[in-house]
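Here's the structure we're looking at; comments come further down.
2 protein chains.
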Amino acid sequence: MAVSRYDEPIRPQVHYSPPYGFMNDPNGMVYTNGLYHLFYQWNPKDTVAGVPQWGHATSEDLVHWKNHGVAIASTTEDEGVFSGSAILDVDNTSGFFDGSVKPEDRVVAIFTSNTPEKQTQNLAYSTDGGFNFTRYSGNPVIDVNSTQFRDPKVFFHEDTGKWVMVVAKSFDYEIAFYTSSDLKNWEQVSTFTGGLYGYQYEVPDLVKLPVVGTSEYKWVLFVSINPGMPLGGSGTQYFIGDFDGETFKPDDYVVRMADFGKDWYAAQTWSNTGDDVLGLAWASNWQYTNEVPTKAWRSCMSVARQMALKKNVKYNPGYAGYSLIQEPLINKELRADSCHGNTPLSLKSETGAFEFRINITGKDLGSDNTDPSSVRITISNSTGHRTLLGLRPFDTGAHFFIDRSNQFEHPLFNEKISAYVNPDDNDNPVYDIHGIVDRGIIEIFINNGTIAFTNTVFVADADKLLIEADEKFTVNGEIHSLKGTW
Amino acid sequence: MAVSRYDEPIRPQVHYSPPYGFMNDPNGMVYTNGLYHLFYQWNPKDTVAGVPQWGHATSEDLVHWKNHGVAIASTTEDEGVFSGSAILDVDNTSGFFDGSVKPEDRVVAIFTSNTPEKQTQNLAYSTDGGFNFTRYSGNPVIDVNSTQFRDPKVFFHEDTGKWVMVVAKSFDYEIAFYTSSDLKNWEQVSTFTGGLYGYQYEVPDLVKLPVVGTSEYKWVLFVSINPGMPLGGSGTQYFIGDFDGETFKPDDYVVRMADFGKDWYAAQTWSNTGDDVLGLAWASNWQYTNEVPTKAWRSCMSVARQMALKKNVKYNPGYAGYSLIQEPLINKELRADSCHGNTPLSLKSETGAFEFRINITGKDLGSDNTDPSSVRITISNSTGHRTLLGLRPFDTGAHFFIDRSNQFEHPLFNEKISAYVNPDDNDNPVYDIHGIVDRGIIEIFINNGTIAFTNTVFVADADKLLIEADEKFTVNGEIHSLKGTW
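The listed protein sequences derive, respectively, from chains F and L.
1 is the number of the first residue of the first sequence in UniProt numbering; add one for each residue after it.
1 is the number of the first residue of the second sequence in UniProt numbering; add one for each residue after it.
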């Protein structure tokens, strides 16, 4: 099993995927010493989900990754080292460090230990900046005698000067909030519930996001559910509100989708990145992840995304409100060949990886779905096997769709998926589409990232990208082929 | 256009579809004089959406329908008679009736008049029990100078002795509540917002539902959105709570799906049915309804469903709460041939219409999606062209799916759709599946109607139903072919 080859068909070239074995949730994301640490749920022994440990990779630029193998291993055969987070304990609040350990090397991971008996929250610390971990002898730090209590995300809350943990009481549909001064002693201070329930809650995250163009901040609570998303299986919803260090108070009870595709789950953000909020998610869905047609490895992460909130985003011509915006962090230095201008636009890529960005202006469009005109983006191989993306605008909005038919036959693998796209600030059918196409995954960001749409695809050797538009549209932009990062 | 033939391929045989032209939302549903009145948004001039009027049909048993043509016509070329409801004004609160009109003939319709300038709420009354209508000379009864204010659903609130209207301020994502003593003068008393927003709110309904097995009642607020459902396009969410005659107070801010399929929109319930709450919805989706491959007519309604709430429905092994339950009202007298026993079960139907009900017990199932075992229901024609339904259970839950591939090529026509299915009361993989298969539409009710799953299908001459199961399941039940009702 221990073969690491990143040139396999469908293997993404500018996304993180594990060297081998099965990967799911991102874990322990922390930035220190110039490195972005990415840990992840990993079964190195097989390409299906098993008893997970924490795999480990690092990157200086969020695009080129270096693998480091297992970071936190199981202590017994049936102990899963389940999802969690990591922070930099600069001030040694935990007492794990002495003066010999540089502040930027003081990493503490907080994870769920899963056994057949229960799930508990546990600590492990690293004195070398996140490479080697020692489990805390006083584990677990939280034990509520539950088999459904997991995925702690910890961050430092400046105003109260305390550590805050958000953690899922999965079968209770509760996000529990705990606080601590030392990472070891935790007190539950509040809970949150709402939105889509499905089967269970998992992997929450709570982040303080800048409101672009203002000096405001708002808090966003991410809550993943699996299965039970209306689109099927796994997905991530978010709530916008305020947080006082103890209680998350939503502005409203509107349920928003963090990503409208089928393959973006268990989102987590990096700690210690200052005012920048950077995150990524597992790009798969539990409905079919164990059966997807890849070899040696299964699953990749999405690209890292810079997150913020935008105010006064038009939902429709009569209503504007906050929206999460996500910008993919793809290094411009990856660009190889390019083409630009009006459609049709077409480019080949040696790696099968592309970035494109187009602006679309429609005219004379009718009301919703009386007009089948569209803009189409086709990614194909030499045999014509393809993935089709497209936008079908109407007068004051649009549908963005993917057709990934004939790639993977599975009863729960939705081949056609679509997202409603809000109009621009002037209610005109003007759209900005930014895409990262990378063999096995396609991520689309619409209207400066107010809509994200991530889906896995399975066409081998798809190396051509073509953008076409019906005559009702003026479309111009650019396509870049991307150099691989592996 | 005025040809009415109910023997066309794909035309449902036990569902309501319009004689010709394009149909969407159900309207004006009222029961009186032994007749269930069903009005509906109708464009009799074409098979795509146009300027709608109210079409009309009646039924004594909710299965056999009689068409009556246009009931409320447009007064100008560009006036759409948009959606609304109807009530029986037994006590002549409106003053439209005199002693010569029997109480059970006093029908008042409340509808939205749509012009390019605005949408207003209007009345029309019938003195013959719902067949012929006269518009109120004092229309509109509510005008808030908005182009996005529609779909009034009116009912009588016993405790306050007032009429209540729930109506959508669509682009504001507000369900507005109005009250009136005479149906003519209305006062706005509250609003509600929450859940999934999408592009806009439409067609709300508020019903008082019995909690089965108790003497309790709870209120359920249905809110449809279009487009913007996570599954794409149109769909209906609901909220559970209390209503004091003025304000709807949700128990929680959980968002629940009234139907997990792609084709169940704009649900409305009948008025004047006593304690029975009976409703149906338009069985299509605005994403593709104007292009579906039917001729002469487009769209059907779902079967009528008796609605109630059930307490302590298991969402997962750790949580139980209220759930809407829906029972399809299909007359047993429609049954023609039958077969019953253990799977495999197979039956042919002359009409292409079937009802089936099976019980499934699984054993030795793994956790979510580690086991591809399934129970499969195939509806096919003589060339093998088919729709596939199936259940993929895991240890404490299941996915129910439909595969309607190769039936209708459209970028927004999702071919594979799935719903999460909760376990039974004892957390065992035991499932009850009740299906109504009727040429162009398949409605599935799981676990006594706690999950509804409605999807349109487009296989001509599909007359064979086959139920099979992998060896991990014991499946028994029955299939009935159904006589047509047209």
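Backbone N, C-alpha and C define an ideal beta-carbon position, used for all residues, glycine too.
Query: Residue environment, Val212(L), which counts as buried when at least 16 other CB atoms sit within 10 Å; Result: exposed
Query: Distance between Val166(F) and Pro18(F) (C-alpha atoms, nearest Å); Result: 27 Å
Query: Stretch pair the stretch 459-470 of chain F + the stretch 362-378 of chain F: three plus CB contacts closer than 8 Å; Result: yes
Query: Within chain L, partners of Leu196(F) - CB distance below 7 Å; Result: Val255
Query: Ala353(F) vs Val437(F) beta-carbon contact at 8 Å; Result: yes
Query: DSSP state of Asn290(L) mapped onto helix, strand, coil; Result: helix
Query: Continuous beta strand (DSSP E) stretch holding Trp163(F): start and end; Result: Lys162 to Lys169
Query: Ala304(F) classed as buried or exposed, judged by whether at least 16 other C-beta atoms fall within 10 angstroms; Result: buried
Query: Residues near Ala452(L) by beta carbon distance below 6 Å, same chain, minus five either side; Result: Asp259, Gln326 and Phe445
Query: Three-state secondary structure (DSSP) of Lys310(F); Result: strand
Query: Rounded C-alpha distance that separates Thr193(L) from Thr247(L); Result: 12 Å
Query: Within the stretch 211-272 of chain L, ranges of the beta strand (DSSP E) (whole runs, at least 3 residues); Result: 217-225, 235-243, 248-250 and 265-269
Query: Distance, Tyr20(L) Cα to Asp46(F) Cα; Result: 57 Å
Query: Residue-chain proximity (Glu79(F), chain L), Cβ-Cβ < 8 Å; Result: no
Query: Helix, strand or coil at Asp105(F) according to DSSP, with G and I counted as helix; Result: helix
Query: Extent of the continuous beta strand (DSSP E) run through Gln53(F); Result: Gln53 to Ser59
Query: Cβ of Gln53(L) within 8 Å of any chain F Cβ; Result: no
Query: Asp151(F) at chain L interface by Cβ criterion, 8 Å; Result: no
Query: Integer-rounded CB distance, given that Leu88(L) should sit under 8 Å from residue 489(L); Result: Residue 489(L) lies beyond the residue range present for chain L, which begins at 1 and ends at 486; the question has no answer from this structure.
Query: Span of the beta strand (DSSP E), counted from its first residue to its last, around Thr387(F); Result: Arg386 to Phe394
Query: Contact with chain F by Phe401(L), beta-carbon distance below 8 Å; Result: yes
Query: Beta-carbon proximity check, Ile175(L) vs Pro210(L), cutoff 8 Å; Result: no
Query: Rounded separation between Ala168(F) and Ile142(L) - CA only; Result: 47 Å
Query: Three-state class that DSSP yields for Glu333(L) in the structure shown; Result: helix
Query: Contact residues within the stretch 41-72 of chain L, judged by C-beta distance below 8 Å to chain F; Result: Val48 and Ala49
Query: Nearest to Tyr178(L) (by Cα), restricted to the options Glu60(L), Leu412(L), Ser190(L) and Glu158(L); Result: Ser190(L)
Query: Cβ-based burial, Arg298(L) [other Cβ within 10 Å; buried from 16]; Result: buried
Query: Backbone secondary structure at Asp463(F) - three-state DSSP; Result: coil
Query: Which residues DSSP lists as bridging His340(L), in chain order; Result: Glu478(L)
Query: Of the residues Gly321(F), Ala419(F), Asp424(F) and His385(F), the one placed nearest Asp395(F), counting alpha carbons only; Result: Asp424(F)
Query: Nonlocal neighbours in the same chain, by C-beta distance under 6 Å from Arg439(L), ignoring five residues either side; Result: Ile10, Pro12 and Gly352
Query: Three-state class that DSSP yields for Asp151(L) in the structure shown; Result: strand
Query: Buried or exposed (CB count within 10 angstroms, at least 16 for buried), Glu158(L); Result: exposed
Query: Neighbour list for Arg5(F) in chain L, Cβ cutoff strictly below 8 Å; Result: None at all; the shortest Cβ gap to chain L is about 26 Å.
Query: Candidates Val154(L), Met257(L) and Gly198(L), of which the one nearest Lys208(L) by Cα; Result: Val154(L)
Query: For Gly384(F), the nearest candidate out of Arg335(F), Ala462(F) and Ser323(F) (CA to CA); Result: Ala462(F)
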